[in-house]
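Everything on this sheet refers to the single structure shown next.
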Amino acid sequence: MDMKKILLDTNKIINILKGNPNDIEWFKQQYKFGDVIFFTTPLIRHEVLRFYDYSKESKAEYEKAEKFLSGLEIINIDKAITDIATNIFRHEKEKHSKRYQPKSDGTEKRLDKYNLGLT
1 MDMKKILLDT NKIINILKGN PNDIEWFKQQ YKFGDVIFFT TPLIRHEVLR FYDYSKESKA
61 EYEKAEKFLS GLEIINIDKA ITDIATNIFR HEKEKHSKRY QPKSDGTEKR LDKYNLGLT
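Take the sequence shown: its letters are residues 1 to 119, numbered as in the UniProt record's numbering.
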């Protein structure tokens, strides 16, 4: 069986760290399906850690976040990778345009909220 590779975004990491039951369960479930490796990027790492100040109250939470992030593989995103990701996104939007129609309340769907697995 191939190793499953998952890129964790900022919101998913923050929700896991805050103890969101659905996200924690999702995270645990990934291990039940076999070998899995989680990735993040330097920018996502920054986005997670920037919310913790230097206060004593934040120290334990910062250390918890740092420990969690240190367990993830880091993907350095360069221009070539952003070009590939952009093309995947554009292709998805063109081939599955119904997914990107406004919701019944008139608001736009968040196009960046589709999970893309890494292969």
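Yeah, the Cβ is synthetic: ideal placement off N, Cα and C, and Gly gets one too. Note that the coordinates shown come from a computational prediction; the quantities given were computed from them, not determined experimentally.
- For residue 38 against residue 17, the beta-carbon gap comes to about 13 Å, at or over 8 Å, which does not count as contact.
- Per DSSP, the beta bridge partners of residue 7 are 39.
- Secondary structure note for residue 79: its alpha helix (DSSP H) is the uninterrupted segment 79–95.
- Per DSSP, residue 24 is one residue of the alpha helix (DSSP H) stretching across 21–32.
- According to the DSSP assignment, residue 69 belongs to the alpha helix (DSSP H) that extends over 56–70.
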